[in-house]
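Q: Take a look at this one; I'll ask things after.
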Amino acid sequence: FLATRKETGMSKSGKAYLNIKLMDKTGELEARIWDEADELSKNFERNDFVKIRGYAVVYQGGVQLNISDIAKIGNDAIAITDFLPTSSREPDEMMEKLESIIAGIKNNHIRKLLTAFLEDREIKNLLKLAPAAKSMHHPYLGGLLEHVLSLCKLIHNVTEHYQNIDKDLLLAGAILHDIGKLYELKFERAFDYSDEGRLLGHITIGISMIDKKLEAIPEFPEETAILLKHMLLSHHGYLEFGSPKRPKTVEAVILYYLDDMDSKIQSMQALIEKEKEVDSKWTSYHKLYDRYIYKGRYQGENETVDKNNKVELELFKK
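As structure tokens, then:
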């Protein structure tokens, strides 16, 4: 497991214990060390990979692991994808799709800028691994790239419906709006914020990354650069949500709403999927959205309804 939390607590009897959270790609598990806590605490630190011996108990309706022994595992003995949640899509397949989207951009300047990002080996490798967020939405390896591709697909649909939209600029905004998260977040072990991320944030980091790439493209139109950077600065929509500017172009407004929609739908569906076996039509309370989420009918009931509808349609045809 990956030990993502290590805290010392005190029992009612005044005895010290360790409060631990263990994690692998399947999820998280609460754990405690009740006996020899001081001694076993020397064996590992927070964010170490560990092997444990213990037994599971039911506590307050959930599973808790009582640990009797714990030891650190060397990094060379593990694969990070075994310990952190991962996108269901292959990173190389997603990257090929992104490269295809960029190749299809008609604006030569925008295509050249986006290509410069993917020609940067460090950025390309990080983009295949980065989560979209620490916990809010797409919080798994490859999540950022999955989120970007989802936005690109939505943009295709939106620009088919509305006229006079700069699709190339909008695609560039979608691809680069969270590019700063490559350095805002740390994901070598657990998902957390880097010092740069806490002090600057992904929007500021992203603007800096764009400016660096633009230095090598002196012919890039100044207005296009300003419009692109405005989309990064405004994609959270409101000052209180972290955007230093509110959206002031049609493309910036579209990006804000699509980004907000995609992130919310993904996180809501993830909670529904996580609790699909729970015997309730409602999820547990979602702190971020300040509400319970309706799960609807069980899949088995839906299948029955679908079969009945099929029979009715066949009878109608006769």
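Letter 84 of the sequence shown, counting from 1, is numbered 97 in the numbering used here, and no numbers are missing.
Backbone N, C-alpha and C fix where the C-beta goes; we use that ideal spot for every residue, glycine too.
Count the other CB atoms, across all protein chains shown, that sit within 10 Å of the CB of residue 45; report buried if there are 16 or more and exposed otherwise.
A: buried
Q: What alpha helix (DSSP H) runs, 4 residues minimum, are completely inside the region 166-227?
A: 180-189, 194-197, 208-213, 215-227
Q: Below 8 Å, can you find three or more Cβ-Cβ pairs linking the region 104-115 to the region 157-170?
A: In short, these stretches touch, since the Cβ pair count reaches three.
Q: According to the neighbour-count rule (16 or more other Cβ atoms, all chains shown, within 10 Å of its Cβ), is residue 174 buried or exposed?
A: Exposed is the call here.
Q: Check the DSSP bridge columns for residue 79 and list the partner residues they point to.
A: 45, 68
Q: If you run the structure through DSSP and keep just helix, strand and coil, what is residue 85?
A: strand
Q: Suppose you measure from the CA of residue 95 to the CA of residue 305; what does that come to, to the nearest Å?
A: 31 Å
Q: Could you give the first and the last residue of the continuous alpha helix (DSSP H) run that contains residue 110?
A: Segment 104-116, the alpha helix (DSSP H) holding residue 110.
Q: Whole angstroms is fine: what's the gap from residue 63's alpha carbon to residue 123's?
A: 46 Å
Q: Assess, as a yes-or-no matter, whether the region 233-252 is touched by the region 128-147 under the definition of 3 or more beta carbon pairs within less than 8 Å.
A: no
Q: Less than 8 Å between the C-beta atoms of residue 29 and residue 60, yes or no?
A: no
Q: Short check: CB of residue 48 to CB of residue 65, under 8 Å?
A: Their beta carbons are not under 8 Å apart, which means residue 48 does not touch residue 65 by this criterion.
Q: I'd like the span of the alpha helix (DSSP H) that includes residue 20, first residue to last.
A: Run containing residue 20: none in the alpha helix (DSSP H); it sits in the beta strand (DSSP E), 15-23.
Q: Go to residue 34, then tell me how far its beta strand (DSSP E) extends in each direction, as first and last residue.
A: 29-37
Q: Would you mind stating whether residue 168 and residue 184 have Cβ atoms separated by less than 8 Å?
A: yes
Q: In the DSSP assignment, find the alpha helix (DSSP H) that holds residue 244 and state where it starts and stops.
A: Per DSSP, the continuous alpha helix (DSSP H) segment holding residue 244 begins and ends at 235-247.
Q: For residue 56 versus residue 84, is the C-beta distance shorter than 8 Å?
A: yes
Q: Beta-carbon separation of residue 129 and residue 34 under 8 Å?
A: no
Q: Determine the closest residue to residue 213 out of 195, 229, 201, with distance taken between C-alpha atoms.
A: 195
Q: Please check the pair residue 191 and residue 145, which I expect to be a contact at CB under 8 Å, by giving their CB distance rounded to whole angstroms.
A: For a cut-off of 8 Å, the C-beta gap from residue 191 to residue 145 is around 6 Å, short enough to register as a contact.
Q: Mind checking residue 296: buried by the 16 CB within 10 Å criterion, or exposed?
A: buried
Q: Given a cut-off of 8 Å, decide if residue 97 and residue 38 are closer than it, judged by their beta-carbon atoms.
A: yes
Q: Please state whether DSSP places residue 128 in a helix, a strand or coil.
A: helix
Q: Compare the beta carbon distance of residue 154 and residue 99 with 8 Å and say whether it is the shorter of the two.
A: yes
Q: Mind checking residue 14: buried by the 16 CB within 10 Å criterion, or exposed?
A: buried
Q: Answer yes or no: do residue 278 and residue 171 have a C-beta to C-beta separation smaller than 8 Å?
A: no
Q: Considering only residues of the same chain and omitting the five flanking positions on each side of residue 314, which have a CB-CB separation below 8 Å?
A: Since pLDDT at residue 314 reaches only 47, below the 50 mark, its modelled position is unreliable, and no value is offered.
Q: Can you have a look at residue 233 and say buried or exposed, based on whether 16 or more other CB atoms are within 10 angstroms of its CB?
A: Here residue 233 is buried, its C-beta having at least 16 other C-beta atoms within 10 Å.
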